[in-house]
Amino acid sequence: MRAHVNSRWRRISGFTLIEMLVVLAILALAATFAVPMLSSGSEGVRLDVATSELTNALRVTRSAAITSNRPTALTIDVNRRRFKSSVVAERTFDAGIDAKLTFAAGIGSRGSEGEFRFFPDGSSTGGDVTLSMRGKQTKLCVDWLTGTVRAASAC
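So the sequence shown is numbered by the working numbering: it starts at 117 and just counts up by one.
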């Protein structure tokens, strides 16, 4: 009787080839849908990083204008995807990120470049920057009266 139990366990233990192929097919299907989702997530992260870096650069430039008691400007070149000021080293955006500037006419405008000027009292020339990447976008608003920088859907 003992031999019969062992042979019975041997027959029902393990998986058949068909069962293994079904599991592999399900895993392949899941991977097919998961890979594009993961890559779009990394695009969102790259856009968030660029937004954070630009926000910090604007805030540091404003603080420098206040502490040095002289106007200080942050220049953004949308074609070359870079920004810099006298207190912030030049930084670049990811190649897939597009930038659009909106600011008062005639203020630091040279072709694809524009600048946000901050004054010793904390105020600024104001305006906004829109960063976009494959349908996702973030807008940074620079208030002209207070010079504060904030992310918003509309300025």
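Where a beta carbon is used, it is the ideal one built from N, C-alpha and C, also for glycine. The model shown is predicted, which means the values in this text are computed figures rather than measured ones.
Segment limits, beta strand (DSSP E) that includes Asp259
In this chain, Asp259 is not harboured by any beta strand (DSSP E), its DSSP state being neither H nor E.
Cβ pair count under 8 Å reaching 3, the segment 198-207 against the segment 253-261:
no
Answer yes if the segment 239-257 comes into contact with the segment 210-218, meaning at least three C-beta pairs across the two stretches below 8 Å, and no otherwise.
yes
If contacts are defined as beta-carbon pairs under 8 Å, then Thr188 and Phe234 qualify, I think. What distance do you get, rounded to the angstrom?
5 Å
Here's a check: name, in chain order, each residue in its chain whose Cβ is nearer than 6 Å to the Cβ of Cys271, leaving out the five neighbours to either side.
The beta carbon of Cys271 is closer than 6 Å to those of Asp244, Cys257 in its chain, skipping five residues each way along the sequence.
Between Leu145, Leu137, Ile192, which has its C-alpha nearest Gly230's C-alpha?
Ile192
Going straight from the alpha carbon of Gln253 to that of Leu163, what length do you get?
8 Å
Taking C-alpha atoms, which residue in Thr177, Val194, Ser248 lies nearest to Ala205?
Thr177
Compute the Euclidean distance between the alpha carbons of Ser240 and Arg175, then round it to the nearest angstrom.
So the two alpha carbons sit approximately 11 Å from each other.
What is the DSSP secondary structure of Phe234, reduced to helix, strand or coil?
strand
Straight-line Cα distance separating Phe209 from Phe232:
17 Å
Own chain, CB closer than 7 Å to Gly238, minus 5 neighbours either side, in chain order
Arg178, Ile182, Thr262, Gly263
Compute the minimum distance between the beta carbon of Ser201 and the heavy atoms of the ligand GTP, and state whether it is under 7 Å.
The model depicted lacks the ligand GTP and carries no ligand whatsoever.
So what's Ile213 in DSSP terms, helix, strand or just coil?
coil
For Val203, which option in Gly212, Ser184, Ala211, Arg250 has the closest C-alpha, if you only look at C-alpha atoms?
Ranked by Cα distance from Val203, the first of Gly212, Ser184, Ala211, Arg250 is Ser184.
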